[in-house]
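If you count by mature numbering (1 follows the signal peptide of the UniProt record, and there is no 0), then the sequence shown holds residues -20 to -1, 1 to 252, one letter each, in order.
From the three backbone atoms N, C-alpha and C, an ideal C-beta is built for every residue, glycine too.
Everything numeric in this text was worked out from a predicted model, so none of it was measured.
Structure record follows, encoded as structure tokens.
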Amino acid sequence: MTRFLLLFLLPLLAGGGTIAIENDDFRATFADPSDETLGFRFFRAGWVRELYPAAGETSLFHTRTLFDYHPAFGCAQEFLPDLPLASGDRLKPGVGIFRLHPKDYFRSRPVRSFPWEWSIRDRSLIAHQSCPELEGYAYELSITVTVGKNMLVWKQQLTNTGTRRIDGQVYLHPFFATRDGFAGWWYSLDGTPHSVADAPESQSVENGQAQAAAGTDQFTVNITSCPPFRRRDFWRNQSNAFAVEPYISVSLAPGETRIWKWFLALTRFQKQ
């Protein structure tokens, strides 16, 4: 039986409330889209903070930020590149307006956040954001995240309501938590598994493969999309986190709408 509740918890880093949706396979929690401490990079709605397999005590994703200069946890989405404004500030779809740090992009700060309207219906988080006209840029962005049977599904719809084109990419960024080093963890960008421990700290692959994966001898996480993605990036830190990041191109002339979906499926294996 699906259960859902809105929990107001003490801050882990990002503060604010946490939204939780459960079924027999998962307990997923989401960052509160109204939380003003979520930084300038990632869509504030549909940002998975924690994902616990049934009866599991460990989240697949990092639940606390990996960096002290901007929130980086869970499984998030980001639009790139930022849209430039005449003031020198930048428009980031899914967030709002932010100001570039003079030396370090990742230390940039939001200066105006666009609010999200959101609700919980059955096993889904449903959210909507409007961007008012800004130098010809304007959009409507809707997100629905459904917690299904061993699967999370994100559905996004972006409509260009302005007079200027919106050109860019959206990517999914799962911050996989390895806890005690990388031993036993693998990832795949091309259909072939590779050891996370032996991998370079970053790499990018572009070809016809439309799947990215990661896992251990206990489970596999497969990420697919509609439309299919072609670019996949890999990133890891020195000790306890890595990501496989698929990209989808999102280019819209004025009046156009784009819809895309991410599918994150978990397959478990019996311990021998």
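- Remark: C-beta atoms of Trp166 and Ala194 approach each other more closely than 8 Å.
- Counting only unbroken stretches of 3 or more residues, the beta strand (DSSP E) elements lying wholly within the segment 120 to 147 are 131 to 140, in sequence order.
- Straight across, the Cα-Cα distance linking His81 with Asp62 is about 14 Å.
- Closest option to Arg70, judged by alpha-carbon separation, among Ala177, Pro13, Pro90: Pro90.
- For Leu244, the enclosing beta strand (DSSP E) covers residues 237 to 248.
- Under the three-state reduction of DSSP, Tyr167 is assigned to strand.
- Cβ neighbours of Cys111 within its own chain (closer than 6 Å, five residues either side excluded): Phe94, Ala118, Tyr119.
- For a cut-off of 8 Å, the C-beta gap from Phe59 to Pro73 is around 4 Å, short enough to register as a contact.
- Burial is judged here by how many other beta carbons sit within 10 angstroms of a residue's own beta carbon; Thr172 has fewer than 16 and is exposed.
- Per DSSP, the beta-bridge partners of Lys72 are Gly76.
- Residue pairing by DSSP places Ala194 opposite Tyr167, Val201 in a beta bridge.
- Asp4 is classed as exposed because its beta carbon has fewer than 16 other beta carbons within 10 Å across all chains shown.
- If you draw a straight line from the Cα of Ala192 to the Cα of Ala221, it is about 16 Å long.
- Taking the Cα of Ala179 as reference, the smallest distance to any Cα among Leu114, Ile(-2), Ala163 is reached at Ala163.
- Relative to Phe156, the option among Phe22, Leu46, Gly116, Thr139 whose CA is nearest is Leu46.
- Residue environment: Leu152 is assigned as buried (16 or more neighbouring CB atoms within 10 Å of its CB, all protein chains considered).
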